[in-house]
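Q:
2 protein chains.
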Amino acid sequence: MKKFAIVLAGCGVFDGAEIHEATLTMLAIKEQGAEYEVFAPDIPQHHVINHITGKEMKETRNVLIESARIARGDIKDLKEFYASDFDALIFPGGFGAAKNLSTVAFKGSDAEVNAEVEKAVKSMLKAKKPIGALCISPAFIAKIIGDVKVTIGQDEGTAQAIEAMGGTHIDTEHGDVVVDDENLVFTSPCYMLEADISQIWDGAYNTVEAMLKFME
Amino acid sequence: MKKFAIVLAGCGVFDGAEIHEATLTMLAIKEQGAEYEVFAPDIPQHHVINHITGKEMKETRNVLIESARIARGDIKDLKEFYASDFDALIFPGGFGAAKNLSTVAFKGSDAEVNAEVEKAVKSMLKAKKPIGALCISPAFIAKIIGDVKVTIGQDEGTAQAIEAMGGTHIDTEHGDVVVDDENLVFTSPCYMLEADISQIWDGAYNTVEAMLKFME
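Which chain is which? The protein sequence lines are G and B, in order.
Residue numbers for the first sequence follow the working numbering, beginning at 1 and rising by one.
Residue numbers for the second sequence follow the working numbering, beginning at 1001 and rising by one.
Printed below as a string of structure tokens:
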């Protein structure tokens, strides 16, 4: 049975992992006969957003502890991730990918990437194992790799940032998966396009399907 | 197009709404050609649980604000729910249903139910519109209605509490839906049984399917 590592960035679209993308990535893996373990870095969130008002709350939350909500407690510190234990690695999206796992939301093409995230991605690249990234996550993949073909949908500003990092951006519609055959990177836009939850299911399912097909 | 109201109890299995059940209820509704709006009561959570350690955290969180994470901000205060605006009402599970929407987790058959939750359920009963409840939520439905046939899976203690409230409990397996034809109540065990995410998808999908079939 093929085993995925899923890396989360908190719990909630505006300051953490996008919950539908994370949940439907898990379902897509399970429905296609594979299994998964969940990881997140043990770091503070950049901030906490009230998801009704969009305003910052005077609180601090931890990315690993909040991610555990999506994982029902069954989660590991990202520093315990080893490429040798897995067949594939995948990052759902949400602003947490651009605020906690990286600083893409604030610095665009000058973003930093969390050291453990970078290490996990580089170890999979070295092992020639597939890496998936949904929504905004392809942006930090481009920051790590540089010359890589990805999609974040059709957002011009983010697409330009990816090109400035050395990447190639492909415009896509719902459910499309862009495959970089060199780096084995699989990306799909999900909520970077205006979407309903069925379109997120298509995107997550198709990305996992393309990754599994490669592993056959 | 048939319209469901989904009522959430926070964000996370141990102190709020179970995230997979909530997300997959949304997906089940959308995939079967219906639509939904999301509601939650504007009340403090009973407590906040660290989902890794299982221990209480010294924080306060609000049920409506945390539920908004699952709803991507698109949520209404439960006091704005009117049965006349909807064809069906559904409650995903999670401990929040037994700690925030009711006190079933602490008081069993002597539990209180949040007044707005009770009002929403009673208004749907009066309108003869279907009510769905997953996981532990059927317990507070039994507390409101009394003589109703439901399932929470196979947990003996909870089943006995439901019988003590005047209800009838039916033991079930994954994906089973118990239908009470008198009250139009549709229930399925989901994570009240040891489950993987595909089994939750079956439970949520089958419950929504049974409710839609009734509405034809």
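Heads up, the beta-carbon is just placed ideally off N, CA and C, and yes, glycines get one too.
Note down, in chain order, every chain G residue with its Cβ under 9 Å from the Cβ of B/H1020.
A: Looking up residue 1020 of chain B in the second sequence gives position 20. Result: T23, M26, L27, I70 and R72.
Q: I'd like to know if G/E222 contacts chain B, where contact means its C-beta is closer than 8 Å to some C-beta of that chain.
A: A query on residue 222 of chain G cannot be resolved here, the shown segment of chain G reaching from 1 to 216 and no further.
Q: Starting from B/N1050, find everything on chain G with Cβ-Cβ shorter than 8 Å and list it in chain order.
A: Position 50 of the second sequence holds residue 1050 of chain B. Correct list: I65 and A68.
Q: For the beta strand (DSSP E) that contains B/T1187, what are its first and last residues?
A: As a working mapping, residue 1187 of chain B is identified with position 187 in the second sequence. It spans V1185 to S1188 - the beta strand (DSSP E) in which B/T1187 sits, taken as one unbroken run.
Q: Quick check: the region 195-213 of chain G against the region 139-147 of chain G, are there 3 or more CB pairs under 8 Å?
A: The region 195-213 of chain G, when compared against the region 139-147 of chain G, does not touch it at the 8 Å Cβ threshold.
Q: Against chain G, does B/C1135 count as a neighbour if the rule is that its beta carbon must be under 8 Å from one of theirs?
A: Walking along the second sequence from the start, residue 1135 of chain B turns up at place 135. No, because no Cβ of chain G sits closer than 8 Å to the Cβ of B/C1135.
Q: On the DSSP letters alone, give me the boundaries of the alpha helix (DSSP H) that B/V1104 sits inside.
A: The residue labelled residue 1104 of chain B in the question sits at position 104 within the second sequence. Here the alpha helix (DSSP H) through B/V1104 covers V1104 to K1107.
Q: Ignoring anything shorter than 4 residues, give me the alpha helix (DSSP H) runs that lie fully in the region 110-173 of chain G, in order along the chain.
A: Complete alpha helix (DSSP H) runs here, min 4: 115-126, 137-145 and 156-164.
Q: Are the beta-carbon atoms belonging to B/A1111 and B/F1091 less than 8 Å from one another?
A: If you number the second sequence from 1, residue 1111 of chain B lands on position 111. If you number the second sequence from 1, residue 1091 of chain B lands on position 91. For B/A1111 and B/F1091, no; Cβs fall outside 8 Å.
Q: Less than 8 Å between CB atoms is the rule here; does G/V13 satisfy it with respect to chain B?
A: Along the first sequence, one-based indexing puts residue 13 of chain G at 13. At least one chain B Cβ lies under 8 Å of G/V13.
Q: Using only CA atoms, which one of B/Y1191, B/E1163 and B/I1200 lies nearest to B/F1014?
A: Your numbering for residue 1014 of chain B matches position 14 in the second sequence. Comparing Cα positions, the closest option is B/Y1191.
Q: Do B/G1093 and B/L1064 have their C-beta atoms closer together than 8 Å?
A: Within the second sequence, residue 1093 of chain B is the residue found at index 93, counting from 1. Within the second sequence, residue 1064 of chain B is the residue found at index 64, counting from 1. Contact flag unset, no.
Q: Suppose contacts are defined by Cβ-Cβ distances below 8 Å. Is G/G130 in contact with G/M215 by that definition?
A: As a first step, residue 130 of chain G is located in the first sequence; it is residue number 130 there, counting from the start. As a first step, residue 215 of chain G is located in the first sequence; it is residue number 215 there, counting from the start. According to the sequence provided, residue 130 of chain G is Pro. The question's Gly does not apply to it. Cβ atoms of G/P130 and G/M215: closer than 8 Å.
Q: Does the Cβ of B/L1023 have 16 or more other Cβ atoms within 10 Å, making it buried, or fewer, making it exposed?
A: Here residue 1023 of chain B is taken as the residue at index 23 of the second sequence, counted from 1. This sequence places Thr at residue 1023 of chain B; Leu is not what is there. Classification of B/T1023: buried, given that the 10 Å Cβ count is 16 or more.
Q: Around the C-beta of B/G1167, are 16 or more other C-beta atoms found within 10 angstroms, so that it is buried, or is it exposed?
A: Walking along the second sequence from the start, residue 1167 of chain B turns up at place 167. So B/G1167 counts as buried.
Q: Please state the DSSP three-state secondary structure of B/M946.
A: Within the shown structure, residues of chain B are numbered from 1001 to 1216, placing residue 946 of chain B beyond reach of any answer.
Q: Check each candidate in G/A120, G/V177, G/I197 and G/R69 and name the one with the smallest Cα separation from G/L78.
A: For this step, residue 78 of chain G is matched to residue 78 along the first sequence. Selected option, being the one with the closest Cα: G/A120.
Q: For B/D1196, which residues in chain C fall below 7 Å Cβ to Cβ?
A: Looking at the structure shown, chain C is missing, and the protein chains on hand are G and B.
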